[in-house]
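**Q** One structure coming up, written as structure tokens, with questions to follow.
In our numbering, the protein residues as written are 1 to 580.
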């Protein structure tokens, strides 16, 4: 009898344990939330399910992150496997919302109710629930905002640093940046950084973000604060009797700035900054006429971005300047923006002598001392050695007026000494001048014939249309450029050296040309003019270098075609060999 009673008791115990082996429970992290906040729905089950059907939740909630974990344990019945699923839900409307029953395997969960209010101040969160909100620097989570300048000028680049401090482990969350204030632009700069800080004797992990604030008008500017909401690790007792998680949030206060207008005494263009400096990196000690050398100019600025800086330029007499695109590098340090801009210039001296190069100064407004300042460097003085060909000549002396005065005085002295013999001397001088003019005219005829028989413009013998090239180049040339320049130009065209083409093409013109723009106006061929414009874009903008090389080879295969000057079109003297 006792043995049968014992077996009956065991059977009843097994029957009572069966519901526990097939148990599914759902809980909410909070009973009440405000619009915009997130609540976590936790499902504990021993059903083998990969993911529950969340379709019924999407009517009133936005489903966020889903986290799942599995556990295996032992109890009086043997091995037991369980699964915990955590779902982040954000309400779509206010009111009493129902969490409908969900199907988990072959079971259904019990429905739950959640109160959602519009005003966070009216939330009725029960005491002891897992929720933490903080705006003070002593809570588990808080946000600190640092503004570089609270009284900036209009169009000043102001650095804004936002730091999220948290003294607990965060499982998930959303760190929202401040909204752009009215009357200013706000954009992120750089990437996030992490560090550790001790605040009021408590150690915090810090997530730091940087923003660039640019006021667009003067007056009061109110910048909203950043915010954070997420899930963090709860206290010891909550971990023992709950899921060990709590919802945490933080809100930075609104910051007020007083924006100043642009001072009337400031230079234009307006450039507010904390520091601006210019320097020239290792200029050469000397150079040679006709041979290019490089100069690198560097600008460093603090409290400004590269988009606000003027263009770096170099000017100088007796040189050609070819500027490459500027290379800016923006960064964020010490709570404000920094920028370094470098630009390389290729300088081609046109003659021997001494040249002086000047870097265009940069006017800026010192926001720290409220004064106007100028960043500049001393002029770069270089001695230019004679080059080859047309570059072998030195620069003309600078004291030409004084030489003319001395020559006039010497002529007056000679005439006074001649006395009565002056008429005979003048007649002799006139005859000498007539002889010189006759010799010059005969020499010019000889050169004209030589130019027709042996054109110096461009050797097109390697072109398929050699005869056409010869007829083209036999036309009157713009000038008599040295053969070395023409040979170099021909080699640059064939090799596709765009920089050499840009340097040599202005030298083939008889009239001084400093830039490709001057050359373009002197060309008499529309295709060559267009190719010159494409060459400029390829060198100093965003042109297609390969396409330009092909165009240059095609249009300049017969040499440059220059416009004929009016003096050559209509001569004052009758032709030596009239056409009948």
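In this text, a Cβ means the ideal position worked out from N, Cα and C, and glycines have one as well.
1. Once the 5 residues before and after residue 335 are set aside, which same chain residues still bring their CB inside 7 angstroms of it?
2. Please report the straight-line C-alpha distance between residue 197 and residue 311, rounded to a whole angstrom.
3. Could you please give me the residues that DSSP links to residue 187 through a beta bridge?
4. Fully enclosed by the region 510–546, which alpha helix (DSSP H) runs are 4 residues long or longer?
5. Can you give me the C-alpha to C-alpha distance between residue 516 and residue 532, rounded to a whole angstrom?
6. Which residues does DSSP list as the beta-bridge partners of residue 264?
7. According to DSSP, is residue 304 helix, strand or coil?
8. Mind checking which residues open and close the alpha helix (DSSP H) that includes residue 507?
9. Helix, strand or coil, according to DSSP, for residue 225 in the structure here?
10. Taking all protein chains shown into account, decide if residue 281 is buried (16 or more other Cβ within 10 angstroms of its Cβ) or exposed.
11. Would you mind giving the Cβ-Cβ distance between residue 250 and residue 141, rounded to the nearest angstrom? I have them listed as a contact below 8 angstroms.
12. Are the region 84–92 and the region 28–43 touching by the rule of at least three beta carbon pairs closer than 8 angstroms?
13. Confirm, please, whether the CB-CB distance from residue 351 to residue 289 is below 9 angstroms.
14. Does the beta-carbon distance from residue 26 to residue 115 come in below 9 angstroms?
15. Determine the extent of the beta strand (DSSP E) in which residue 106 is found, giving its start and end residues.
16. What does the Cβ neighbour count give for residue 564, buried or exposed, with the cut at 16 atoms within 10 Å?
17. Go ahead and label residue 558 buried or exposed: buried means 16 or more other beta carbons lie within 10 angstroms of its beta carbon, across all protein chains shown.
18. Reducing DSSP to helix, strand and coil, say where residue 193 ends up.
19. Is it buried or exposed for residue 182, if we count other Cβ within 10 angstroms and need 16 for buried?
20. Can you tell me where the beta strand (DSSP E) with residue 148 in it begins and where it stops?
21. Out of curiosity, what's the CA-to-CA distance linking residue 314 and residue 193?
22. Under the three-state reduction of DSSP, which class applies to residue 276: helix, strand or coil?
23. Considering only residues of the same chain and omitting the five flanking positions on each side of residue 97, which have a CB-CB separation below 7 angstroms?
24. If you draw a straight line from the C-alpha of residue 70 to the C-alpha of residue 35, how long is it?
25. Could you give the distance in angstroms between the alpha-carbon of residue 82 and the alpha-carbon of residue 108?
26. According to DSSP, is residue 489 helix, strand or coil?
27. What is the DSSP secondary structure of residue 155, counted as helix, strand or coil?
28. In the structure shown, what three-state DSSP assignment does residue 551 receive?
29. So is residue 265 buried or exposed if we call it buried at 16+ other beta carbons inside 10 Å?
30. Identify whether residue 93 lies in helix, strand or coil by the three-state DSSP scheme.
31. When the Cβ atoms of the region 344–361 are set against those of the region 377–385, are three or more pairs found closer than 8 angstroms?
32. Does residue 229 pass the burial test, meaning 16 or more other C-beta atoms within 10 Å, or should it be called exposed?
33. From what residue to what residue does the beta strand (DSSP E) around residue 350 run?
34. Return helix, strand or coil for residue 455, following the three-state DSSP convention.
35. Compute the Euclidean distance between the alpha carbons of residue 157 and residue 518, then round it to the nearest angstrom.
36. So for residue 383, helix, strand or coil by DSSP?
**A** By the coordinates alone:
1. 146, 148, 159, 161
2. 42 angstroms
3. 212
4. 516–522, 526–540
5. 7 angstroms
6. Its beta-bridge partners do not exist; DSSP assigns none.
7. coil
8. Looking at the DSSP string, residue 507 is not in any alpha helix (DSSP H), and its letter there is neither H nor E.
9. coil
10. exposed
11. 5 angstroms
12. yes
13. yes
14. no
15. From DSSP, residue 106 is part of no beta strand (DSSP E); its letter is neither H nor E.
16. exposed
17. buried
18. strand
19. exposed
20. Unbroken run through residue 148: none, as it is neither H nor E.
21. 39 angstroms
22. strand
23. 60, 91, 114, 116
24. 32 angstroms
25. 16 angstroms
26. helix
27. coil
28. helix
29. exposed
30. coil
31. yes
32. buried
33. Note, residue 350: premise wrong, no beta strand (DSSP E); not H, not E.
34. Caution applies to residue 455, whose pLDDT of 37 falls short of 50 and renders its modelled position unreliable; the value that the coordinates give is listed next. Looking at residue 455 - three-state DSSP - the assignment turns out to be coil, as it is neither helix nor strand.
35. 40 angstroms
36. strand
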